[in-house]
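Worksheet for the structure shown next.
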Amino acid sequence: MFPLRDVIPSRTTPFVTFSLIIANGLVFLYQLTLTSGQLNAFVAATGIVPAETGWLSVRLLSSMFVHAGPSHLISNMLFLWIFGDNVEDRFGHGRYLTFYLLAGMAAGVAQALAVPNALVPIIGASGAIAAVMGAYFVLFPKSRVVMLIWLVFYIDFVEIPAVLFLGFWFLFQFLGGIGSAASAVSGGIAFFAHLGGFVTGAALGRVLARPERADVSWWDPPKPPSDL
50 MFPLRDVIPS RTTPFVTFSL IIANGLVFLY QLTLTSGQLN AFVAATGIVP
100 AETGWLSVRL LSSMFVHAGP SHLISNMLFL WIFGDNVEDR FGHGRYLTFY
150 LLAGMAAGVA QALAVPNALV PIIGASGAIA AVMGAYFVLF PKSRVVMLIW
200 LVFYIDFVEI PAVLFLGFWF LFQFLGGIGS AASAVSGGIA FFAHLGGFVT
250 GAALGRVLAR PERADVSWWD PPKPPSDL
């Protein structure tokens with residue numbers, strides 16, 4: 050079961066969200082042109098390596114646009130597509146871009162501080178996207194997420210409350226973070242970046258939202274059909 054979209058239309062064109070998806074895609078296409086050795090060097094140069102000195106630098110920004118593989122990229126961009134347009138609509142384009150980049154960098158710092166001896170580069174946009182999800186969590190409590198259920202030959206679509214989906218997602222990250230801290234192995238998932246990003250987004254969501262766009266009375270949540 051995985052999410053496909055939310056049910057709230059955006060009132061403005063999400064230019065920044067589109068641009069971020071394109072930028073991440075272009076960087077990944079560049080990665081595909083590299084040899085194995087070149088790719089390793091590229092990741093080492095652009096990713097955050099907590100055990101090395103100098104990670105508190107431009108790497109906090111560059112690491113957000115590098116991904117480990119197609120599934121890593123696609124899953125991140127799917128979540129950005131689902132939740133980013135509405136948050137961008139509430140923040141405004143410029144404020145949203147600033148929020149995305151700074152929150153993503155803060156998420157990278159959170160992960161690096163949580164695993165200070167890690168030698169594996171921290172890469173990916175998931176920390177910034179977690180911040181977007183945190184902002185969505187507090188800004189759109191009545192929204193719903195359309196989920197795809199696919200069990201071999203059974204396919205169905207269901208809607209669940211966005212706060213429920215995001216709440217369970219956060220709980221999974223929290224439990225994963227506890228597990229990775231206890232075992233000293235993260236398994237390749239930056240749980241603390243996700244947690245730090247989500248908390249940052251939830252804390253700043255209402256602060257950064259433009260007051261003139263706080264009214265969402267124009268949107269009525271779809272009601273289930275009644276029996277006649």
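The numbering used here applies: residue 50 is where the sequence shown begins, and numbers increase by one. Every residue gets a Cβ at the ideal spot worked out from N, C-alpha and C, and that includes glycine.
For my contact list, residue i and residue j are in at a C-beta cut-off of 8 Å; report their separation, rounded to the angstrom.
{"i": "F240", "j": "G225", "result": "4 Å"}
{"i": "L110", "j": "L75", "result": "About 16 Å separates the two Cβ atoms, so there is no contact after all."}
{"i": "L129", "j": "T66", "result": "6 Å"}
{"i": "G153", "j": "G246", "result": "7 Å"}
{"i": "I171", "j": "G157", "result": "6 Å"}
{"i": "F114", "j": "A174", "result": "7 Å"}
Buried or exposed for residue i, please, with buried defined as at least 16 other CB atoms from any protein chain shown within 10 angstroms of its CB.
{"i": "N166", "result": "exposed"}
{"i": "S112", "result": "buried"}
{"i": "L257", "result": "buried"}
{"i": "T95", "result": "buried"}
{"i": "A72", "result": "exposed"}
{"i": "P52", "result": "buried"}
{"i": "L81", "result": "exposed"}
{"i": "V194", "result": "buried"}
{"i": "Y145", "result": "buried"}
{"i": "I227", "result": "exposed"}
{"i": "L277", "result": "Its pLDDT being 42, under 50, L277 is placed unreliably in this model, and the coordinates cannot settle the point."}
In the DSSP assignment, what residue or residues form a beta bridge with residue i?
{"i": "L75", "result": "BP columns for L75 are empty, so no partner."}
{"i": "F206", "result": "L197"}
{"i": "R54", "result": "V195"}
{"i": "I178", "result": "I178 pairs with nothing; no bridge assigned."}
{"i": "I171", "result": "I97"}
Taking 7 Å as the limit between beta carbons, can you name the residues of its chain near residue i, skipping five residues before and five after?
{"i": "V212", "result": "F186, P190"}
{"i": "M83", "result": "Sequence check: residue 83 is Leu here, not Met. For L83, where only same-chain residues beyond five positions count, the Cβ hits under 7 Å are F91."}
{"i": "G237", "result": "none"}
{"i": "F64", "result": "H142"}
{"i": "M126", "result": "I70, N73"}
{"i": "S275", "result": "Residue confidence is low: S275 scores 48 on pLDDT, short of 50, so the model does not pin down where it sits. No coordinate-derived value is stated."}
{"i": "F219", "result": "F247"}
{"i": "N77", "result": "In the sequence under discussion, the amino acid at residue 77 is Phe, which differs from the Asn named in the question. Cβ within range, chain order: H116, L122."}
Within the same chain, show all residues whose beta-carbon is closer than 8 Å to that of residue i, passing over the 5 residues directly before and after it, in chain order.
{"i": "I198", "result": "M50, I204, D205, F206, V207"}
{"i": "N135", "result": "D55, I57, S59, Y185, L188, F189, S192"}
For residue i, which residues in the same chain have their Cβ closer than 6 Å to its Cβ, ignoring the five residues on either side in sequence?
{"i": "T61", "result": "D138"}
{"i": "A117", "result": "none"}
Contact between the segment 114-126 and the segment 201-211 (3+ Cβ pairs under 8 Å)
no
Stretch-stretch touch, CB-based, cutoff 8 Å, three pairs: the segment 95-102 with the segment 134-142
no
Is it a yes or a no for the segment 179-195 touching the segment 246-254, going by three-plus beta-carbon pairs under 8 Å?
yes
Contact the segment 158-172 vs the segment 70-88: 3+ CB pairs below 8 Å:
no
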